[in-house]
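Okay, so the sequence shown: first residue is 1 according to the UniProt record's numbering, each after it adds one.
The structure appears below as structure tokens.
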Amino acid sequence: MPSQIIRGVLLDSLLHVYNAKKQSLEEKGVITGYHAHTKSDSNQTVMVYLALTFRPLSCQLVQPYIDKVPEIKLAHSISGNVDLMLLVEATTTSEAQVLA
């Protein structure tokens, strides 16, 4: 039983030292942020919206090009500065950028 208490005290002490050091490095700007590494899933996709503007806008002229790109899942003609919103599904953000 005493060894478990000693182990618990040591663990708490180490955790306190670690947190203090981490906070110090964050405050000094040495640690500027955190990110997550996720397991790559071959079935995983990214969805992005592309906003397009055409002058002059003609959905009849644009539609045949949209139909040839299987990654485009939806296309909506809208009013305003943007003429067309496309929903694109790609395997990576890099692939989506190529379509843009």
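Glycine included, C-beta positions come from ideal geometry on N, C-alpha and C.
Paired residues, beta bridge with residue i - DSSP
i     : result
Leu86 : Leu50 and Ala75
Burial state of residue i (16 or more Cβ within 10 Å)
i     : result
Asp12 : exposed
Asp83 : buried
Val9  : exposed
Val88 : buried
Leu14 : exposed
Helix, strand or coil at residue i according to DSSP, with G and I counted as helix
i     : result
Lys28 : coil
Thr45 : coil
Lys22 : helix
Closest Cα partner of residue i within the set the options
i     : options                : result
Leu86 : Val69, Gln4 and Gly80  : Val69
Thr91 : Ala75, Ser79 and Glu71 : Glu71
TODO: Would you be able to state if there are at least three C-beta pairs under 8 Å between the segment 47-54 and the segment 17-37?
DONE: no
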